[in-house]
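Student:
Protein chains in written order, with the numbering used here: chain R, 40 to 413; chain S, 274 to 764.
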C-alpha cells in the first residue's frame with residue numbers, strides 16, 4: 040500500500056530544467072494612458088554550439104492589466120513558462136513607482152517563486168525597460184550586472200543597498216519611509232550603459248524624488264549603513280586646492296532623541312574609522328600635530344555635510360527616510376503617541392545636531408608624505 | 274555410503290578388511306596395503322588410507338618399515354598395544370574400535386592399521402596434502418604491516434594466530450560443521466577478555482546450523498545473523514591474521530573454517546566497515562583523515578545521485594544561479610528526462626565494473642573505469658546524456674570503490690534513495706535516509722547494538738570512531754563487547 044501511495048503521487052512538481060525559461064530581471068513600465076502595465080523580462084537564452092555554451096539574454100515584452108496578468112501573457116511569446124526563482128533585479132519606472140509600488144511589492148512577497156531578497160531599482164530615465172537594453176560592461180546579462188553593482192556598492196556607498204524585504208519593512212512601519220537605489224544611463228567610452236547613482240525617495244508609498252550621490256552617502260551615514268567608501272575633504276584655510284582622501288573602514292551611528300522644554304531634537308553621533316589614502320600635497324598630516332588638525336577639519340566637514348543633507352531632505356521632500364520617527368517611537372513611546380499624527384510637519388522643522396568623531400587608523404603603506412626633491 | 278554405525282569390528286583381519294571395503298564401495302582412492310613382519314610372517318597387518326591425502330613418506334618410514342623390519346616382533350600377547358606404544362613412530366596414535374571414528378580418520382587423511390586377531394584398529398596421523406603457501410591476500414593490501422594472509426589449511430591458520438598472541442589464555446575450540454562436508458571449524462577467543470554471553474550465544478547458533486555444507490564463511494554467516502534480511506552484515510570477514518589478532522585482543526571471537534582463507538569475527542559493528550588495519554600502522558593524523566574520507570565517500574556514493582536529481586528536477590531554486598545556467602545549457606536537446614539518464618548511466622557503470630572484475634588481469638578494474646568514462650564522454654558528444662550526469666555518475670562510482678565491503682549496501686541504498694527522490698524530491702530523499710537510519714540503529718550484532726559508539730557521549734568510546742586517537746590514549750576496550758575494559762596495565 041505504501042508503494043502504491045508513492046507511485047500514485049507520480050512526479051508531482053517534477054520539472055525538467057531545460058523546460059524552464061529562467062528570468063534574470065524584469066522592468067515594469069506603464070503605458071501612456073496609464074491603465075496597462077508593460078513588462079519587459081530578461082530571459083537567459085542558452086545556445087549550445089557543440090561543446091561550448093554561450094550565455095546570452097533575450098528580452099520579452101508583454102502587456103497586461105495587472106502585473107501578474109502581464110507576466111502570464113509572456114507565455115504567448117516565449118514557449119516556456121517563466122521561472123522566477125533566480126530573478127535578481129526588478130526595475131520600475133518613475134510613474135509605476137509613484138502609483139503602484141505596493142502592488143509590485145505585494146506580488147514579490149506573495150509569489151512562491153520570487154524571492155524577497157531580490158533588488159528593486161527605480162529608473163531615472165523615461166522608462167525602465169531601456170535600462171535592460173543597455174550594453175553591459177562585464178557580464179552578458181544585464182540583471183546580474185545590476186545586482187553585482189549593488190554588491191560592489193559596499194566599497195562605494197553612493198547608493199543604498201535595499202532589498203525588497205527591507206523596503207517592505209520600511210513601508211509598513213510607522214515613522215519611516217522607504218528608499219530604493221536608482222539607476223541611470225551614462226556614457227562610457229561613447230557607449231551608453233547603466234549606472235548606479237543615487238537614491239529614490241519615497242513618502243509613504245509614493246515616489247517623490249531623487250537624491251544625488253553625495254547626499255546618498257550622507258544619508259547612509261545617518262542610517263548607519265556605511266561599510267566602506269571614500270570621503271574627500273578640502274583643507275581650505277591653509278592652502279586652497281588641497282584635497283585629502285580618506286578611505287572609510289567602519290562607521291557606527293547612534294541616534295538619540297532629546298526632549299527638552301517641549302521641543303524635540305535629535306542628536307546624531309557618528310564614530311568613523313578611516314585611513315589616509317591619498318593626498319595631493321606634501322604637507323605632513325601624518326605626524327601627531329598634522330593628524331590632530333586633519334581630524335578636527337574632517338569632523339567639522341562631516342558634521343556639516345550630514346546636517347546639510349538632512350536639511351535638504353526635510354525641505355525638499357518632507358519625508359522621514361532617516362527613521363527618526365521610528366526611533367522616537369521606540370525610545371519615547373508616550374511622546375510618540377502625541378506626535379504621530381502630525382509627524383510630517385514636525386519632521387520638517389526638526390532640529391538635528393550631528394557630532395562626528397573620526398579616528399585615523401593608519402595611512403596605508405607609507406607613513407610619511409612623498410618627498411619631492413630638487 | 275552406508276552408515277558406518279551399522280558395523281562392528283571383528284577379530285578376523287579378513288572380516289575387518291571386508292567391512293572397510295564395503296563402507297568405501299566404489300571409492301577407488303581407498304588404498305589397502307597388507308604387510309607382515311619379515312621374521313615372523315604370522316604377524317599380519319594391513320593399513321587403509323586415501324590416496325592423495327597422506328604423506329607417503331610417513332607411511333613408509335614410520336609404519337611399514339618398523340613393523341616389517343623389526344626382528345623381535347612376534348604374533349603373541351597384546352601386540353596392538355606394543356605396536357602403539359613402542360614400534361610405530363608417529364606423533365599421534367589412537368586406538369579405537371568405533372567404525373565411525375575409523376571412517377572419519379581415513380577420510381581426513383589418517384592411516385588406519387588393522388592387526389590380525391584384534392577387534393580394534395590404530396589411527397595414525399599421516400596427513401600430508403599440498404597447500405598453498407602463505408601470500409598476501411589480494412583484497413586486503415596494506416602499505417606497512419605484515420603481508421601474511423590465511424591459507425586454506427586450518428592448522429596453518431591457527432598457527433599464524435597463535436604466533437601473534439602467545440598467551441595461554443588464547444583458546445581454540447574445535448567443532449565440526451556441515452552434514453555432508455563435515456568441515457572442521459575452530460572458535461578462538463582470549464579467555465578473560467571475551468564476553469562469555471556472546472560466546473554461549475555463538476555456540477547455540479552454530480548448533481542450529483543444519484546445512485549440508487559449510488564451504489565458505491558466508492554459508493555460516495547467513496545462518497547465524499541476527500537480522501537475516503538486513504543488507505548489512507553483522508559478522509565480519511577478514512583474510513589477515515593481524516586483523517583477527519587485533520579483534521581478539523578487543524574481546525571479539527573469531528571462527529576459522531577449514532578450506533577457506535576467510536575468517537569470521539563476531540560481533541561486528543557498523544564502524545568496522547570503515548576501519549582498516551592500515552589505520553593502526555600509520556600516523557594517527559593520516560589515519561584519522563583516511564577514515565573520515567572513507568565515511569565521506571560512503572555518504573557521497575549513496576546520496577549524490579539522489580540529491581542531484583532532487584535539486585535539478587524539483588528544487589531548482591536551491592541551486593546557485595551560475596550552476597543552474599551551466600546545467601540548463603548542458604541539458605538542451607537531450608532526449609531523456611533526468612531520472613532516466615541517471616538510471617541508464619548508473620546501470621552501465623555497474624555493468625562495466627562487474628565486467629571488469631571478471632577480466633583476469635590486474636588492469637581489469639582500471640580498464641573498466643576508464644572505459645566507463647570514455648563511454649560517458651562519447652555519449653555526451655552524441656547528445657544522448659548531458660555532461661553533468663556523467664560527472665555525477667563518475668563521482669558516485671569512484672567513491673563507491675572506497676569501501677568495498679559496503680558495495681552491496683551502497684548499491685541498494687543508492688537505488689532506493691534515487692527512486693524516492695525521483696518521486697518526491699528532497700522530501701523523498703529525507704524519508705529514505707530516515708528509513709535507513711532507523712534500520713541501522715535497530716539492528717544488533719549478537720546482542721551488541723550495531724551502531725555502538727557512534728552516538729556515545731563518553732570520550733573514551735569515541736576514540737576509535739571517525740578518527741583514531743593515538744595508541745597511548747586509547748585505554749579502554751569497547752564497552753559492550755567485553756567487561757574487562759582496561760587495555761593498558763595501570764601501575
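Every residue gets a Cβ at the ideal spot worked out from N, C-alpha and C, and that includes glycine.
In this text, all values refer to a predicted model and were calculated from it rather than measured experimentally.
Any beta carbon from chain S within less than 7 Å of residue 410(R)'s own beta carbon?
Tutor: no
Student: Would you grab the beta carbon distance between residue 689(S) and residue 705(S) for me? Rounded to a whole angstrom, and I think it's under 8 Å.
Tutor: 6 Å
Student: Name, please, each residue of chain R whose Cβ falls closer than 7 Å to the Cβ of residue 600(S).
Tutor: 56
Student: Got a sec: is the Cβ-Cβ distance from residue 53(R) to anything in chain S below 7 Å?
Tutor: Chain S contact via Cβ: present.
Student: May I ask you to report which of helix, strand or coil DSSP gives residue 168(R)?
Tutor: helix
Student: Just to check my reading of the structure: residue 154(R) and residue 124(R) have Cβ atoms closer than 8 Å, yes? What is that Cβ distance to the nearest angstrom?
Tutor: Yes, they are in contact, since the Cβ atoms of residue 154(R) and residue 124(R) sit about 7 Å apart, within 8 Å.
Student: So is residue 165(R) buried or exposed if we call it buried at 16+ other beta carbons inside 10 Å?
Tutor: exposed
Student: Leaving aside the five residues before and after residue 586(S) along the sequence, list all residues of the same chain whose C-beta is less than 6 Å from its C-beta, in chain order.
Tutor: Within the same chain, residue 586(S) has close Cβ partners 611.
Student: Does the beta-carbon of residue 422(S) have 16 or more other beta-carbons within 10 angstroms, so that it is buried, or is it exposed?
Tutor: buried
Student: Using beta-carbon positions only, say whether residue 497(S) and residue 525(S) come within less than 7 Å of one another.
Tutor: no
Student: Which bits of chain R does residue 614(S) rub up against, with CB to CB less than 9 Å?
Tutor: Those do not exist, as residue 614(S) stays about 11 Å from chain R at its closest Cβ, beyond 9 Å.
Student: Shortest alpha-carbon distance to residue 110(R) belongs to which of 323(R), 271(R), 150(R), 140(R)?
Tutor: 150(R)
Student: Can you list the alpha helix (DSSP H) stretches of 4 or more residues lying completely in the region 107-149 of chain R, in chain order?
Tutor: Counting only unbroken stretches of 4 or more residues, the alpha helix (DSSP H) elements lying wholly within the region 107-149 of chain R are 133-138, 140-149, in sequence order.
Student: Contact check, residue 723(S) vs residue 543(S) under 8 Å by CB: the rounded distance?
Tutor: 5 Å
Student: Compare the C-beta of residue 124(R) with all C-beta atoms of chain S and state if any pair is closer than 7 Å.
Tutor: yes
Student: Would residue 121(R) pass as an interface residue toward chain S - the criterion being a Cβ-Cβ separation below 7 Å?
Tutor: Judged by the 7 Å Cβ criterion, residue 121(R) is not in contact with chain S.
Student: Please report the straight-line C-alpha distance between residue 412(R) and residue 156(R), rounded to a whole angstrom.
Tutor: A direct Cα-Cα distance of roughly 55 Å separates residue 412(R) from residue 156(R).
Student: Within 10 Å of its beta-carbon, does residue 356(R) have 16 or more other beta-carbons around it, so buried, or fewer, so exposed?
Tutor: buried
Student: Let me confirm a value: residue 626(S) is counted as buried when at least 16 other C-beta atoms fall within 10 Å, else exposed. Which label applies?
Tutor: With 16 or more other CB atoms across the displayed protein chains lying within 10 angstroms of its CB, residue 626(S) is buried.
Student: Looking at the strands, I want to know which residues DSSP matches up with residue 718(S).
Tutor: 721(S)
Student: If I'm right that residue 353(S) touches residue 308(S) with Cβ under 8 Å, what's the distance once you round it to whole angstroms?
Tutor: Going by Cβ atoms, the distance from residue 353(S) to residue 308(S) rounds to 15 Å, so no, they are not a contact pair.
Student: By the 10 Å Cβ neighbour count, where 16 or more other Cβ atoms means buried, how is residue 89(R) classified, buried or exposed?
Tutor: Only weak support exists for where residue 89(R) lies, its pLDDT of 46 falling under 50; the value from the coordinates is given anyway. With fewer than 16 other Cβ atoms within 10 Å, it is exposed.
Student: From what residue to what residue does the alpha helix (DSSP H) around residue 342(S) run?
Tutor: Start and end: 338-342.
Student: Please name the residue or residues paired with residue 370(R) in a DSSP beta bridge.
Tutor: According to DSSP, residue 370(R) bridges with nothing at all.
Student: Spell out the partners DSSP gives residue 309(R) in its beta bridges.
Tutor: In the DSSP assignment, residue 309(R) forms a beta bridge with 292(R), 395(R).
Student: Within a Cβ cutoff of 6 Å, which residues of the same chain sit near residue 312(S), ignoring the five residues on either side of it in sequence?
Tutor: Only 344 meet the Cβ criterion.
Student: Select from the region 651-674 of chain S all residues with a C-beta closer than 7 Å to any C-beta belonging to chain R, and list them in chain order.
Tutor: none
Student: Just verifying my parser: in three-state terms, what is the DSSP assignment at residue 772(S)?
Tutor: Any answer about residue 772(S) is impossible in this case: the structure gives chain S only from 274 up to 764.
Student: Kindly list the residues whose CB is nearer than 6 Å to the CB of residue 538(S), restricted to its own chain and excluding five residues on each side of it in sequence; keep chain order.
Tutor: 509, 520, 525, 527
Student: If you run the structure through DSSP and keep just helix, strand and coil, what is residue 72(R)?
Tutor: coil
Student: Determine which residues share a DSSP beta bridge with residue 79(R) and list them.
Tutor: 66(R), 100(R)
Student: If contact is defined by three or more beta carbon pairs under 8 Å, each pair taking one atom from either stretch, is the region 365-380 of chain R in contact with the region 312-319 of chain R?
Tutor: no
Student: Are the C-beta atoms of residue 99(R) and some chain S residue less than 7 Å apart?
Tutor: no
Student: Touching or not, the region 385-399 of chain S and the region 411-428 of chain S, by the rule of three or more beta carbon pairs under 8 Å?
Tutor: no
Student: Compute the Euclidean distance between the alpha carbons of residue 135(R) and residue 75(R), then round it to the nearest angstrom.
Tutor: 11 Å
Student: Assuming residue 387(R) contacts residue 353(R) (C-beta within less than 8 Å), just tell me the rounded distance between them.
Tutor: 5 Å
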